[in-house]
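These notes are about the structure you will find just below.
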Amino acid sequence: AGCAAPSSRPGGSTPIGPAGPAGTEPAAGTPPARPAPPAPVSPLVTEQRWLDEWFRGTPVVIALADHGTLQVEIPLANSFDAGSNALKPALVAVLDRVATSLRRQATLRVSVAAPADAGGAAALAATRTQRVREHLVSRGVAAVRVAGGAGARAGAPVQLRMVIAPQPIARLDDASLPVPAMGIKPVAASNPKR
Numbered sequence: 002a003g004c005a006a007p008s009s010r011p012g013g014s015t016p017i018g019p020a021g022p023a024g025t026e027p028a029a030g031t032p033p034a035r036p037a038p039p040a041p042v043s044p045l046v047t048e049q050r051w052l053d054e055w056f057r058g059t060p061v062v063i064a065l066a067d068h069g070t071l072q073v074e075i076p077l078a079n080s081f082d083a084g085s086n087a088l089k090p091a092l093v094a095v096l097d098r099v100a101t102s103l104r105r106q107a108t109l110r111v112s113v114a115a116p117a118d119a120g121g122a123a124a125l126a127a128t129r130t131q132r133v134r135e136h137l138v139s140r141g142v143a144a145v146r147v148a149g150g151a152g153a154r155a156g157a158p159v160q161l162r163m164v165i166a167p168q169p170i171a172r173l174d175d176a177s178l179p180v181p182a183m184g185i186k187p188v189a190a191s192n193p194k195r
């Protein structure tokens with residue numbers, strides 16, 4: 002009864018850390034424990050945060066969709082005058098920031114959909130979409146990275162959808178292909194002389 006020392010922690014337990022009981026040093030030759038590296042952040046998340054900072058308090062909607070798409074929506078009233086395909090300054094400001102995002106993140110692509118006015122012609126939507134696309138290209142975004150999307154519903158916001166482009170296959174390794182079924186000769190093993 003006289004040998005036990007009272008514990009300084011509630012519950013009478015001695016704290017144990019990665020190196021052993023509290024107050025002991027790690028064993029010789031044992032490297033200190035390192036924290037796990039942070040998980041990589043998606044370029045879409047990075048650009049969402051950056052665009053959110055620019056357009057907080059404005060009617061521009063910036064949202065990360067479940068299927069890996071960053072959506073940017075600009076109200077039609079802030080984008081075009083009725084019956085016109087000329088870009089308004091508010092739309093130009095958003096497009097300039099989106100172009101910066103696309104230049105910073107080389108893996109991102111964008112599709113553009115600009116609507117016609119409520120009750121307007123589909124041709125107006127097509128010319129508006131083309132003007133938005135041309136503006137992004139004029140700001141240094143490669144034309145192959147900017148696609149005209151399906152026409153937005155008349156009167157809807159201008160929609161920009163950024164996605165991460167699929168990476169091309171660098172090399173196809175034949176060794177990774179399945180072995181052909183019995184009785185079928187592989188092309189490389191067949192005899193060209195008959």
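If you're matching positions, the sequence shown starts at 2 in the working numbering and goes up one per residue.
Note that beta-carbon positions come from the ideal geometry of N, C-alpha and C, so glycine has one too.
Keep in mind that this is a model prediction, so the values were computed, not measured.
According to the neighbour-count rule (16 or more other Cβ atoms, all chains shown, within 10 Å of its Cβ), is A78 buried or exposed? exposed
Run through DSSP, which three-state label would S43 get? coil
Whole-Å CB distance - G150 paired with R140, under 8 Å assumed: The pair is not a contact, with the Cβ atoms about 18 Å apart (cut-off 8 Å).
Looking at the structure shown, is V73 part of a helix, part of a strand, or coil, going by DSSP? strand
Tell me whether the stretch 104-113 and the stretch 43-57 touch, counting them as touching only if at least three CB pairs, one residue from each stretch, are closer than 8 Å. yes
V61, DSSP secondary structure in three states: coil
So, at 8 Å on beta carbons, what are the nonlocal neighbours of L92 in its own chain, with the 5 sequence-adjacent residues on each side left out? Within the same chain, and ignoring the five residues on either side of L92 in sequence, the residues whose Cβ sits closer than 8 Å to its Cβ are I75, N79, S80, F81, V133, V159.
Between the beta-carbon of V95 and the beta-carbon of V147, is there less than 8 Å? no
Limits of the beta strand (DSSP E) - the one that L161 falls within: 159-165
Contact under 8 Å by Cβ, V111 with L88: no
From the DSSP output, which residues share a beta bridge with R134? Looking at the DSSP assignment, R134 forms no beta bridge with any residue, so it has no partner.
Just to confirm my understanding: we take L125, look at its own chain, exclude 5 residues before and 5 after, and list those with CB closer than 8 Å. What are they? G84, N86, A117, D118
C-alpha gap between L109 and A66, whole angstroms: Near 15 Å, if we compare the C-alpha coordinates of A66 and L109.
In terms of alpha-carbon separation, which member of A64, P33, H68, V73 lies closest to A100? V73
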